[in-house]
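Here numbering that gives the first Met the number 0 is used: the first residue of the sequence shown is 0, the next is one more, and so on.
Idealized CB from N, CA, C, for every residue including glycine.
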Amino acid sequence: MKVRVHATIANFGPGFDVFGVGIGEPYDELSFRESDEWSIRVEGFPVPADETNVAVVAARALARLVGEDVPLELKLRKGIRPGSGLGSSGASSLAGALAMARVLGVEDEGLILRAAMEGERAASGSAHPDNVVPAYYGDFTIISTPLHVDRIPVDFRVAVVLPEVEVPTREARRALPGKVPIGDAVSNVALAASLVKALIEGDMERAGMFLDDRIALPYRLKLMPWYGTVRRAAMEAGAWGFSVSGSGPAVFALGEDVVQIGKAIVEAFEGLGISAKAYVARAGVGVVP
0 MKVRVHATIA NFGPGFDVFG VGIGEPYDEL SFRESDEWSI RVEGFPVPAD
50 ETNVAVVAAR ALARLVGEDV PLELKLRKGI RPGSGLGSSG ASSLAGALAM
100 ARVLGVEDEG LILRAAMEGE RAASGSAHPD NVVPAYYGDF TIISTPLHVD
150 RIPVDFRVAV VLPEVEVPTR EARRALPGKV PIGDAVSNVA LAASLVKALI
200 EGDMERAGMF LDDRIALPYR LKLMPWYGTV RRAAMEAGAW GFSVSGSGPA
250 VFALGEDVVQ IGKAIVEAFE GLGISAKAYV ARAGVGVVP
C-alpha cells in the first residue's frame, strides 16, 4: 500500500502556530506492508533510515495508542527537503501514522493526528500540530487546540520558493522571545481576523494584504538576512502579499501571476548568490476529502 502526504505552509502570515494550509507540491510518498520486523528505506532527500525516522516513530505511536504491535516494512520517497519550512517532518510523520492506521483499520482522526504529532515531537522537541493538521485536511486550518480544528475550504495558486539555505526549526524557535509587546499582539489579532474574513470571502488579493507578522518574524529575521531583498522583488513583480512558510527558509507569495512572481523571487535569491527552486502550488490539497 502507499500514501502520499503533501507539503504545508504553516503560520500563513500572522497565524503563528495556529494557521496552516496544505499545498500540492512538494510531497512525501510512503509505501508500506506488514512484516516480521521494523525496517525503512529512504530515497530522495537524506533522512535517517532507522527507528529514529519520524515515519517509524509516528507509526509505532499509533500502534501503542490502540494497544497493537505490528511491525512494518517502509519505503519513503522523501520529496520535501528537511529544514525547508514546508512541513517536511510533519509530512513524514503523518505518512507513518496513516500507514499504521490503514494496516490496523484505524479511522479515528484524533488518534491518527496524535500519533503524527509524536513524530513531530521527535523531530523538533515539540508535538506541534500546525503542519500535520493542514497536511491531513488540506484546507486552510485554524487550530485552537491540537485536536480542535476549524477549516476553510480553499483553492488558489501560490508561489512557493525554497532557497538552498537552512533555518533549523529548533534554532528558529529559540529565537523567539518569551513575551511580545502588547501592540504587536494586538496587530497580529487584527491581521489574523482580517485574513480569515478575506479567505472566507475568497478575496485573495485582500488576503495578501494581511500576511504580515509581528510575533515571530521580526525575531527570526536575523536567521534570514536575505528576507527584505526577496520580499521587495516579489512585491515589485506584482505580489499581493509575501511571507515565510513556517520557520523558513521557504517563502510564499499570493498574486495574479504566481509564475512570474516565483521567477522574480528566484532571481532575487540568485542575485545574492543563493540557489532557489520555485513551485507553483495549489493550496487546498490534503490526504482526506
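Taking 8 Å as the cut-off, the Cβ atoms of Ser88 and Glu119 count as close. The beta carbon of Gly137 sits closer than 6 Å to those of Gly21, Gly283, Val284 and Gly285, all from its chain and outside the five residues before and after it, given in chain order.
Burial state of Arg113 is buried, judged by a 10 Å Cβ sphere holding 16 or more other Cβ atoms. Proximity to Arg205 across Asp212, Ala197 and Asp211 peaks at Ala197, based on C-alpha coordinates. The alpha carbon of Leu85 has as its nearest neighbour, out of Glu235, Val265, Ala6 and Leu220, the alpha carbon of Ala6. When the five nearest sequence neighbours on each side are left out, the beta carbons in the same chain lying within less than 8 Å of the beta carbon of Arg169 are those of Ser123 and Gly124, in order along the chain. Beyond the five residues adjoining it in sequence on each side, Glu42 comes within less than 8 Å, by CB distance, of Lys74, Leu75, Arg76 and Lys77 in the same chain, given in chain order.
By the C-beta density criterion, His127 is buried, having at least 16 other C-beta atoms within 10 angstroms. Taking the Cβ atoms as the reference, Phe241 lies roughly 5 Å from Ala252, within the contact range of under 8 Å. Cβ-Cβ distances below 7 Å link Val131 to Gly89, Ser92, Leu93, Leu112, Ala115, Met116 and Glu119 in the same chain, with the five nearest sequence neighbours on each side left out; the list follows chain order.
Sequence-distant partners of Ile260 (beyond 5 residues in either direction) whose C-beta falls short of 8 Å from its own C-beta, in its chain, are Ala158, Ala233, Ala236, Gly237, Ala238, Ala252 and Gly254. Per DSSP, reduced to three states, the secondary structure at Arg213 is coil, with no helix or strand assignment.
If you look at Leu198, you'll find it in the alpha helix (DSSP H) that goes Ile181 to Glu200.
Under the 8 Å Cβ criterion, the region 49-62 does not count as touching the region 217-232, having fewer than three qualifying pairs. Pairing Gly247 with Ala184, the inter-Cα distance amounts to about 21 Å. Secondary structure of Pro248 (DSSP, three-state): coil.
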